[in-house]
Amino acid sequence: MNKIIRYIFFLFLSFSLLLTTSDCFAFRCGEDIVAIGDDMGDVSSKCGRPTVFSVIKTWHCYGSSPELPKPTGYYSNTSDRSDQHSCSDETWIYNCGSGDFAYSLHFERNILVRESQERGHGPNQCTSGYEKRQKERIESIRLKNEKEDRDYRKRVCPPNTVDLRQLRNTHMSRARKVFPNENNMTTQFEMYRQGYMTEEERKLLPVFFGRSKDPCVPKPLHNVRTDLVELQGLVRGPVKKKQMHDPKTGLTFTSTGYDFFPDPQAVITPVPYPQPNGTIYHPIKQHDSVPDKKHEPVPEKPITEKNSDSSVWFQCKDKDGNVTISNVGCPE
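For what it's worth, my numbering labels the leading residue of the sequence shown as 942, then goes sequentially.
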């Protein structure tokens, strides 16, 4: 019985080996199979640039000519393309990771003649040439966008222009104060645009502001507020001059500056903002957007012995909003 089982096992194993093609053991880059007889261009298109390469010998395939440069190998030149008149014997190594193998491809006269395997190391790099080119393209786009972002942020507008980046940031800061209960910044800014900005300002400052738009707009602008201090609800105080001493140079100079105070007149009349459900949303006024606890109405209720040493005390509020405490009652 055991002999029959062993016979059946070896028979099955023999058929399995016969049915297994050489492609199962061939070197693959992604889904592409590298076969003996492929030239360097085919292998490069399938697998991309090798991890390591070495040039053994180079020569001109069709004789030498003083007009032709000396061949340096397939990947030795800057274009990563082999000259059609040059031939070379090279070895390309593709690292497939520590758990797999590193494949050494041996080329003679630009043709793959044999493969060998050795232990790999590091991350798997045996991806297809298409995947490698895609990664390189994505990486180049990312670096290009980062450079454009840096250049855009570093750009300084001339004195006779308005910087829309600063103007937009100021409006968005005010939008956060006017609509503190709205967490979505896009919705918050859109509500502010509809309720607190002029038509010209809405055209100049859309909801989404990309790098393609020039941030420097020449003056003057019609019906567009460009004073950042005024937009922040502040007014300039009188000019202040102060004598300053520079210890490094030993020079004394006069510094000129301003003090900024809240402007009680800095109120923008809101416009009713239509909601998607058809109702009309009336924005709150600017001075009501950020409640000030110091000026909240205080009810006139007595303070008993629980929180005071006296028997009965009264909180009184005059017409200016000042709160006082009295034990005889509040005047009419």
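Cβ atoms here follow ideal geometry from the backbone N, Cα and C, with glycine treated the same way.
Residue i burial status per 10 Å Cβ neighbour count (16 or more: buried)
i	result
TYR1044	buried
GLY1136	buried
VAL1103	buried
SER1029	buried
VAL1119	buried
CYS970	buried
LEU1145	buried
ARG1115	buried
SER985	buried
ASN1122	exposed
GLY989	buried
PRO1012	buried
SER1081	exposed
For residue i, the nearest candidate out of the options (CA to CA)
i	options	result
GLY1151	SER1017, ARG1109, ILE1079	ARG1109
GLU972	LYS1011, ILE1034, LYS987	LYS987
VAL1165	GLU1142, PRO1159, PRO1147	GLU1142
LEU1105	LYS1011, GLU1089, LEU1162	LEU1162
THR1111	MET1138, THR1128, ASP1092	MET1138
ASN1036	GLN1058, HIS1047, ARG1096, LEU1146	GLN1058
SER1153	PRO1188, THR1193, ARG1094	ARG1094
HIS1046	PRO1099, GLY1191, ALA976, LYS998	The sequence given here has Leu at residue 1046, not His. Checking every option, the nearest Cα to that of LEU1046 belongs to ALA976.
ASP983	PHE1048, ASN1125, ARG1134, THR1128	PHE1048
THR999	THR1128, SER1027, ARG1083	SER1027
Residues near residue i by beta carbon distance below 7 Å, same chain, minus five either side
i	result
GLY978	ILE1052, LEU1053
SER1017	VAL996
Local conformation of residue i per DSSP, three classes
i	result
THR1013	coil
SER1153	coil
LYS1160	coil
GLU1123	coil
VAL1054	strand
TYR1003	coil
CYS1347	Since the first residue shown for the chain is 942 and the last is 1273, residue 1347 is missing from the structure and cannot be characterised.
GLU1080	helix
LEU1192	coil
LEU1105	helix
PHE968	strand
ASN1263	coil
ASP1090	helix
ILE974	strand
LEU1145	helix
Distance, residue j Cα to residue i Cα
i	j	result
ARG1050	GLU1056	15 Å
GLU1237	GLN1184	In this predicted model, GLU1237 has a pLDDT of only 47, less than 50, meaning its place in the structure is not dependable; the value taken from the coordinates is given anyway. Taking the straight line joining both Cα atoms gives about 42 Å.
ASP1261	MET1132	33 Å
CYS1002	CYS1157	59 Å
LYS1088	PRO1159	26 Å
PRO991	TRP1033	6 Å
GLY1014	ARG1091	39 Å
GLU1031	ARG1096	49 Å
PRO1188	PRO1099	33 Å
ILE1079	VAL993	23 Å
Neighbourhood of residue i by C-beta, 8 Å cutoff - its chain only, sequence neighbours within 5 removed
i	result
ASP1259	THR1265
GLU1077	none
PHE1130	HIS1112, MET1113, ALA1116, VAL1148
GLY1167	Reading off the sequence shown, one finds Thr at residue 1167, where the question assumed Gly. Excluding positions up to five away in sequence, the list reads VAL1103, LEU1108, LYS1160.
ARG1074	GLY989
ASN1101	PRO1159, LYS1160
Neighbourhood of residue i by C-beta, 6 Å cutoff - its chain only, sequence neighbours within 5 removed
i	result
ASN1263	none
ASP980	ASN1051, ILE1052
ASN1125	none
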